[in-house]
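For the sequence shown, UniProt numbering begins at 1 and goes up steadily by one. Glycine residues also receive a C-beta, built at the ideal position from the N, C-alpha and C atoms. Source: prediction; values computed, not measured. Remarks on the structure that follows.
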Amino acid sequence: MAVKSYPLEKDKIQVPRFEESAGFYTTKQRSKTMSKIRGKNSVPELLLRKALWAKNMRFRIHNKNLPGKPDIIIEKYKLAVFVDGDFWHGYEWHIRKPKSNQSFWIPKIERNMQRDRFVSEQLTEMGFTVMRFWEHEVRTNLNACVNQVMLYIESAKVATVPFKE
């Protein structure tokens, strides 16, 4: 199956370059802080993975061959799980817009949200079920997130068992 490319250039949200030449200036302290932000193996992601592993759920992580490199992949049940950071993926975006450098951050986060929708569509077309959890959900209500994954697995098991008369 051919993987679709990102939306056409005209539809893609353009994000300005974060450079001094574009009018953005960062201090060394801000640069150091931003360099510590991870794209994978974040604390909420590790919490979810450890909880699923404790329930004897076996999975793969960050499969580079799948669109969006899902945080957790359960190939047997065609399940892709993402743990999205609240700021980076636009949680309550209409309320919590950044206060500084808005000309950079607003298009940046809106582009992330656009990419998330596109990746979810691609995975769905490939036959995957996509689950997305917000970072605050995993931190505050880990059991509910784990239960949601386990319920999906249980229902997928029942759907694959042949019916005997």
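Nearest to residue i by CA position, among the options, is which residue?
{"i": "Ala144", "options": "Ser35, Leu52, Leu46 and Phe118", "result": "Leu52"}
{"i": "His62", "options": "Asn56, Lys108, Ile72 and Glu121", "result": "Ile72"}
{"i": "Lys69", "options": "Arg58, Thr140 and Lys40", "result": "Lys40"}
{"i": "Glu154", "options": "Gln114, Ile95, Ile37 and Met57", "result": "Met57"}
{"i": "Met131", "options": "Thr160, Thr140 and Glu121", "result": "Glu121"}
{"i": "Arg49", "options": "Thr27, Val158, Ala159 and Phe133", "result": "Phe133"}
{"i": "Met126", "options": "Asn65, Asp11 and Phe104", "result": "Asn65"}
{"i": "Asp11", "options": "Arg115, Val158 and Thr160", "result": "Arg115"}
{"i": "Val15", "options": "Ser103, Ala159 and Arg117", "result": "Ser103"}
When the distance is taken between beta carbons, is residue j closer than 8 Å to residue i?
{"i": "residue 172", "j": "Val149", "result": "For residue 172 there is no data in the structure shown, the boundaries of the chain being 1 and 165."}
{"i": "Tyr77", "j": "Ala156", "result": "yes"}
{"i": "Asn112", "j": "Trp93", "result": "no"}
{"i": "Leu47", "j": "Leu142", "result": "yes"}
{"i": "Val119", "j": "Pro67", "result": "yes"}
{"i": "Glu135", "j": "Gly85", "result": "yes"}
{"i": "Pro98", "j": "Ile13", "result": "no"}
{"i": "Arg146", "j": "Lys36", "result": "For the record, residue 146 in the displayed sequence is Val; it is not Arg. Contact flag unset, no."}
{"i": "Tyr152", "j": "Thr129", "result": "yes"}
{"i": "Glu75", "j": "Arg60", "result": "yes"}
Which residue comes first and which comes last in the beta strand (DSSP E) that contains residue i?
{"i": "Asp84", "result": "Leu79 to Asp84"}
{"i": "Ile74", "result": "Ile72 to Ile74"}
The alpha helix (DSSP H) spanning residue i covers which residue range?
{"i": "Phe133", "result": "Element bounds for Phe133: not the alpha helix (DSSP H) but the beta strand (DSSP E), Thr129 to Trp134."}
{"i": "Ile109", "result": "Gln102 to Glu125"}
{"i": "Gln148", "result": "Leu142 to Thr160"}
{"i": "Leu52", "result": "Val43 to Ala54"}
According to DSSP, what are the bridge partners of residue i?
{"i": "Arg60", "result": "Ile73"}
Can you confirm whether residue i, when its beta carbon is compared against all beta carbons of chain B, has any partner nearer than 8 Å?
{"i": "Ile73", "result": "Chain labels in this structure do not include chain B; a single protein chain is all it has."}
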